[in-house]
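Quick notes on the structure that follows.
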Amino acid sequence: MANAAEGYILIGVDEENKIAQRFVDIPDAESKAQSIYNICHQHIVPRIAKLEVKPYTLRYLGNEFNLIIIHIPFSEIRPHGFASNGTLNFVKRYGDTTREFQMLEFIPELLARHPLPFIEDISGRLDRIESQTADILKEIGGNK
2 MANAAEGYIL
12 IGVDEENKIA
22 QRFVDIPDAE
32 SKAQSIYNIC
42 HQHIVPRIAK
52 LEVKPYTLRY
62 LGNEFNLIII
72 HIPFSEIRPH
82 GFASNGTLNF
92 VKRYGDTTRE
102 FQMLEFIPEL
112 LARHPLPFIE
122 DISGRLDRIE
132 SQTADILKEI
142 GGNK
């Protein structure tokens with residue numbers, strides 16, 4: 002989700018056929034939320050700024066449910082990877098499936114979002130060199 006758009010993950014909802022059906026109490030939600038936050042903080046590279054993982058107590062139909070709400074904000078510094086066992090892995094959602102992807106898949110998107118400033122500078126310099134070279138060649142050719 003950090004590599005796409007912002008969103009929320011709600012832990013404590015049971016579903017059937019991808020449709021939320023009922024709330025499920027998460028025992029010790031506070032320590033589990035802290036553990037999830039710590040794991041994200043330690044393993045997501047680069048870290049997701051303003052990531053929130055909070056326990057939440059919901060009172061619904063006379064019952065109390067301890068849930069965990071994760072807010073993943075939009076990130077300008079994508080792609081985010083997951084560091085584990087000395088490697089940095091990247092995954093991407095494709096509909097209902099998640100698969101690893103190569104960094105090359107992100108290069109066009111990264112360049113579109115964050116153009117490298119020196120490319121324009123290099124293009125301008127090459128244009129000037131080409132123009133000056135053409136002028137020199139004209140001058141040399143006219144002096145023969």
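Take 2 as the starting number for the sequence shown in the numbering used here and just add one per residue. C-beta: ideal position from N, C-alpha, C; glycine also. Every value quoted in this text rests on a predicted model; they were computed, and no experiment measured them.
(message) Taking the beta carbon of Val54 as the centre, do at least 16 other beta carbons fall within 10 Å, making it buried, or is it exposed?
(response) buried
(request) Report yes or no: do the segment 12–20 and the segment 73–89 share at least 3 C-beta pairs separated by less than 8 Å? (result) no
(request) Report, in whole angstroms, the separation of the C-beta atoms of Arg94 and Ala5, which I expect to be a contact under 8 Å. (result) 7 Å
(request) Flag this pair as touching only if the segment 59–71 and the segment 26–33 have three or more C-beta atom pairs under 8 Å; answer yes or no. (result) yes
(request) Let me know the secondary structure DSSP gives Asn4 once reduced to three states. (result) coil
(message) If you reduce the DSSP assignment to three classes, tell me which class Pro56 lands in.
(response) strand
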